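Numbered according to my numbering, the sequence shown spans residues 966 to 1244.
Structure, as structure tokens:
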Amino acid sequence: MAKQPSLDDFRVPYSTREKEAAAFKLDAFDPAAKPFSSGSKEADRERLSVVSTELDVQQERLHTQQKKRVLLVLQGMDTSGKDGTVRAVFREVDPLGLRIVPFKAPTPIEAAHDFLWRVHAQVPAAGELAIFNRSHYEDVLVPRVLGAIGDKECERRYRQIRDFETMLFENGTTIVKCFLHISKDEQRARLQARIDDPTKHWKFDISDLDARKHWDAYQSAYREALAATSAEHAPWYVIPANSKTHRNVMIAELLLRTMTDMKLEFPPPKPELEGVKIR
């Protein structure tokens, strides 16, 4: 009997396990794989709706408890589906206590500070679930690929990210990081769809083509980033994302497992309410 896939099969080895991290290969994961699909798109969508509803319960407990925090990081190449993931996975989740943070190129003021300055201001507060659509990793990946920083500076920034995420964890933040893994051919098809479909023109940016020219360099930079910063308290997961439906189901299942493991509960009733009858 074939082994049933586990979410942990897609977890990047922790950076503290140096030999495993050094051996990590991004191309060992097939972006077209659908290990968590039932084989039916309709059934997968029904499952996603169920999981999204369960996430709503977990998020309500998180919000009412006002103690713990959750940070979901979404990274990936252009067209990998970060926006679509947010729309689909959180479709049934009450927006109260849910915050989506899209990171773009730093403003002049942001660039005048250290690269984590703008990120720290956006981390989840107590009772909040924050989703980073792109993140602090952009400030290493992009300059790394474009040659603006070298090996030494890259290593320094990844050390600072590890320290930053450790600090968040120690202050009550549960962190899950997802790399949305698509193939170059799938990206070509999605970019072409943005050009061909007038309703998608707004999504297309000419800079996407510049980034595509550096595809191999970005794949190498992502491999380096994931291997350097995956930790037990801040793990990276590689999400096969050529299939949008599978991508959504897998991330929803991963987040639900994470929040279930947090053992979130509604706050206990207030003692002063015992025996109160409304007339």
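Even glycine gets a Cβ: it sits at the ideal position worked out from N, Cα and C.
Fair warning: this is a prediction, and the values are worked out from it, not measured in the lab.
Note down, in chain order, each residue of its chain lying with its Cβ closer than 8 Å to the Cβ of residue i, except the 5 sequence neighbours on either side.
{"i": "E1230", "result": "R1026, Q1030"}
{"i": "F1134", "result": "I1140, H1198, A1199"}
{"i": "E1130", "result": "I1140, T1194, A1196, H1198, A1199"}
{"i": "V1066", "result": "Q1087, A1095, I1096, F1097, N1098"}
{"i": "L1156", "result": "D1043, T1044, F1169, D1173, L1174, R1177"}
{"i": "L1221", "result": "V1016, E1019, L1020, Q1023"}
Quick one: give me the first and last residue of the alpha helix (DSSP H) that residue i is part of.
{"i": "A1182", "result": "1180-1194"}
{"i": "Y1202", "result": "Segment 1201-1205 is the beta strand (DSSP E) holding Y1202; no alpha helix (DSSP H) there."}
{"i": "L1219", "result": "1209-1226"}
{"i": "D1128", "result": "1116-1135"}
{"i": "K1168", "result": "Looking at the DSSP string, K1168 is not in any alpha helix (DSSP H), and its letter there is neither H nor E."}
{"i": "S1017", "result": "1006-1030"}
{"i": "K1149", "result": "1149-1161"}
{"i": "E1103", "result": "1103-1111"}
{"i": "V1084", "result": "1082-1085"}
Indicate the three-state DSSP secondary structure (helix, strand or coil) for residue i in the structure shown.
{"i": "K1142", "result": "strand"}
{"i": "A986", "result": "helix"}
{"i": "G1041", "result": "strand"}
{"i": "R1244", "result": "coil"}
{"i": "L1036", "result": "strand"}
{"i": "I1074", "result": "helix"}
{"i": "R1056", "result": "coil"}
Can you give me the start and stop residues for the beta strand (DSSP E) that residue i sits inside?
{"i": "N1098", "result": "1094-1098"}
{"i": "I1065", "result": "1063-1067"}
I believe residue i touches residue j by the beta-carbon criterion, under 8 Å. Please report the beta-carbon distance rounded to the nearest angstrom.
{"i": "G1092", "j": "G1137", "result": "Not confirmed; about 10 Å, so no contact."}
{"i": "I1074", "j": "H1101", "result": "About 17 Å separates the two Cβ atoms, so there is no contact after all."}
{"i": "I1096", "j": "V1051", "result": "6 Å"}
{"i": "N1207", "j": "A997", "result": "4 Å"}
{"i": "C1119", "j": "V1105", "result": "6 Å"}
{"i": "A1313", "j": "L1013", "result": "As displayed, the chain neither begins before 966 nor continues past 1244, which places residue 1313 out of reach and without an answer."}
{"i": "V1203", "j": "L1036", "result": "The Cβ separation is near 18 Å, so there is no contact."}
{"i": "F989", "j": "H1146", "result": "Not confirmed; about 13 Å, so no contact."}
{"i": "P1000", "j": "P978", "result": "The Cβ separation is near 18 Å, so there is no contact."}
{"i": "F1068", "j": "E1011", "result": "The pair is not a contact, with the Cβ atoms about 33 Å apart (cut-off 8 Å)."}
Going along the chain, which residues of its own chain have a beta-carbon closer than 7 Å to the beta-carbon of residue i, five neighbours each way excluded?
{"i": "H1028", "result": "L1061, G1062, G1092"}
{"i": "S1148", "result": "P996, A997, N1207"}
{"i": "A1217", "result": "L1013, V1016, S1017, L1020, V1054"}
{"i": "L1081", "result": "H1101, Q1125, F1129"}
{"i": "A1182", "result": "V1110"}
Who are the near neighbours of residue i in its chain, counting only those whose CB is closer than 6 Å to its CB and skipping five residues on each side?
{"i": "S1002", "result": "D1009, H1211"}
{"i": "V1038", "result": "F1097, S1100, K1142"}
{"i": "H1179", "result": "V1110"}
{"i": "P1108", "result": "I1114"}
{"i": "R1159", "result": "K1165, K1168, F1169"}
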